[in-house]
Amino acid sequence: MKMKTIITLIILTISFSINAQDFMGKATYKTHRKSNISFGDGKNAPNPEMQKKLEAQMKKMNQKTFTLNFNRFESTYKENESLAAPQTKMGGIKMISFGGGGTDLLYKNVKENTYAKKTDIMGKNFLIKDEIKKIDWELSDETKNIGMYTCYKATFSREVEEIDFSSFSAGDSKENEVKEEKKMKTIVTTAWYTPQIPISNGPREFGGLPGLILELRQGELTIVCSEVVLNPSKKVEIKEPKKGKVISQSKFNEIQEKKSKEMMEKFKSRNGLDLGNGTTIKIGG
């Protein structure tokens, strides 16, 4: 199918699908992120029972469900609430999730090209307010069906600086500093959007396409829409968050990077973070 046909389809879909000013809906997304964490080997490996519990906990941490509430121009994206599993003592190990969580709320206004994100770092609340960055999507005529919707493929690539924390040295505090080995890597993002829901939006920070994004893959991250409800009987509530210390995205990134480095300094050797009782967690395999 040629690009001209895609554009024609989009125009027709807009004409027939969005006639009312109060057009709204909600989409449910399932997310999964592969983990490259090793729990040690040889004498540092945990016993089989502990290994199984750690792997189950990591799997749960990497599988989440989110809801995108949207109208023609605005949206909110938030993790669904779930009952917290009772904590189990595993040789003194406590799994910690750093950098955001279930209380995060992302608000986007595609008409004004702005967003506001309520988040926190170690208990301190922030309100990130900034402009939505333009994504240079490359549109394709490749299609596939997701549920009842015909979706089109779009991709973009970007070069990012990768910091490798795999190199550590033992000794005094000065010698024990984290050694950063910087290199560049290419991240490819693939999205599948449907012109049948012609809003320029999607999960997380993604959008800018002539249709709602129903599936997205970026590195180890996969996001798939499991349900879409258009114009539900109960009005969808979309409110911009107001609480938290107002900060730009770049400034927040600086704070987050600083806190991440402080946590990485807890890694005592090349074998990773010493969790006690002879067990370590090693990042990167």
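Letter by letter, the sequence shown follows residues -20 to -1, 1 to 265 in mature numbering (1 follows the signal peptide of the UniProt record, and there is no 0).
Backbone N, C-alpha and C define an ideal beta-carbon position, used for all residues, glycine too.
Quiz prompt | residue 127, buried or exposed, once every other Cβ within 10 Å from all chains shown has been counted against 16 | solution = Taking a 10 Å sphere around the C-beta of residue 127, we find fewer than 16 other C-beta atoms and assign the residue as exposed.
Quiz prompt | Outcome for residue 181 when other beta-carbon atoms lying within 10 angstroms are tallied against a minimum of 16 | solution = Taking every protein chain shown into account, the CB of residue 181 has 16 or more other CB atoms within 10 angstroms, so this residue is buried.
Practice problem: Output the distance between the C-alpha atoms of residue 223 and residue 91, rounded to the nearest integer angstrom. | Solution: C-alpha separation (whole angstroms): 22 Å.
Quiz prompt | Distance, residue 108 Cα to residue 227 Cα | solution = Rounded to whole angstroms, residue 227 and residue 108 show a C-alpha spacing of 5 Å.
Quiz prompt | Exposure label - residue 103; buried when at least 16 CB within 10 Å | solution = That one is exposed.
Self-check item: Distance between residue 28 and residue 95 (C-alpha atoms, nearest Å)
Solution: A straight line joining the alpha-carbon of residue 95 with that of residue 28 spans about 45 Å.
Quiz item: Pick from 44, 89, 100: whose alpha carbon is nearest that of residue 219?
Solution: Of the candidates 44, 89, 100, the one whose C-alpha sits nearest the C-alpha of residue 219 is 89.
Quiz item: Counting only runs that start and end within the region 81 to 129, where is the beta strand (DSSP E) found for 3 or more residues in a row?
Solution: Counting only runs of 3+ residues, the beta strand (DSSP E) found wholly inside the region 81 to 129 occupies 85 to 89, 94 to 101, 104 to 111, 118 to 126, in chain order.
Quiz item: Taking contact to mean at least 3 C-beta pairs separated by less than 8 Å, is the region 37 to 57 in contact with the region 178 to 197?
Solution: Segments in contact, yes.
Practice problem: With a threshold of 16 other CB atoms inside 10 Å of the CB of residue 177, please say whether the residue is buried or exposed. | Solution: Buried, since its Cβ has 16 or more Cβ neighbours within 10 Å.
Quiz item: Taking the beta strand (DSSP E) that residue 6 falls in, what are its first and last residues?
Solution: Under the DSSP assignment, residue 6 falls in the beta strand (DSSP E) whose first and last residues are 4 to 13.
Self-check item: Cβ shell of residue 117 (< 8 Å), same chain only, five flanking positions each side left out
Solution: Within the same chain, 134, 135, 136, 171, 188, 189 come within 8 Å of residue 117 by CB-CB distance, once the 5 residues on both sides are set aside.
Quiz item: Which of the three DSSP states, helix, strand or coil, is assigned to residue 229?
Solution: Note: residue 229 maps to helix in three-state DSSP.
Quiz item: Considering residue 50, what are the terminal residues of the beta strand (DSSP E) in which it resides?
Solution: Looking at the DSSP string, the run of the beta strand (DSSP E) that includes residue 50 is 43 to 51.
Quiz item: Which residues in the same chain have their Cβ closer than 7 Å to the Cβ of residue 12, if we skip the five residues on either side of it in sequence?
Solution: Counting only Cβ-Cβ distances below 7 Å, and skipping sequence neighbours, we find 42, 43, 202.
Quiz item: Given residue 120, which residues of its chain have a CB within under 8 Å of its CB, disregarding the five upstream and five downstream residues?
Solution: Answer for residue 120: 132, 133, 134, 135, listed in chain order.
Quiz item: DSSP state of residue 189, grouped into three classes?
Solution: Secondary structure at residue 189: coil, using DSSP grouped into helix, strand and coil.
Quiz item: Going by the beta-carbon positions, is the gap between residue 204 and residue 40 smaller than 8 Å?
Solution: In this structure, residue 204 sits away from residue 40, with a CB-CB distance that is not shorter than 8 Å.
Practice problem: Decide if residue 166 is buried, meaning its Cβ has at least 16 other Cβ atoms within 10 Å, or exposed. | Solution: Residue 166 comes out exposed.
Quiz item: Alpha carbon to alpha carbon, how far is residue 225 from residue 98?
Solution: Their Cα atoms are separated by approximately 9 Å.
Quiz item: The beta strand (DSSP E) spanning residue 177 covers which residue range?
Solution: Neither: residue 177 is in no beta strand (DSSP E) and is coded neither H nor E.
Quiz prompt | Nonlocal neighbours in the same chain, by C-beta distance under 6 Å from residue 54, ignoring five residues either side | solution = Here the set comprises 89, 218.
Self-check item: Same chain, Cβ closer than 6 Å to residue 7, five either side skipped, listed in chain order
Solution: Leaving aside the five residues that flank residue 7 on each side, the residues in its chain whose CB is nearer than 6 Å to its CB run, in chain order, 48, 205, 208.
Quiz item: Using a Cβ-Cβ cut-off of 6 Å (strictly less than) and excluding sequence neighbours within five positions of residue 142, which residues of its own chain qualify?
Solution: For residue 142, same chain residues with a beta-carbon under 6 Å away, outside a window of 5 residues either side, are 163, 165 in chain order.
Practice problem: Out of 87, 106, 197, point me to the one whose CA is closest to residue 232's CA. | Solution: Among 87, 106, 197, the Cα nearest to that of residue 232 is on 106.
Quiz item: Near residue 216, what residues of its chain come up, given a Cβ to Cβ distance below 8 Å and the 5 sequence neighbours on each side ignored?
Solution: The residues are 4, 5, 6, 49, 50, 51.
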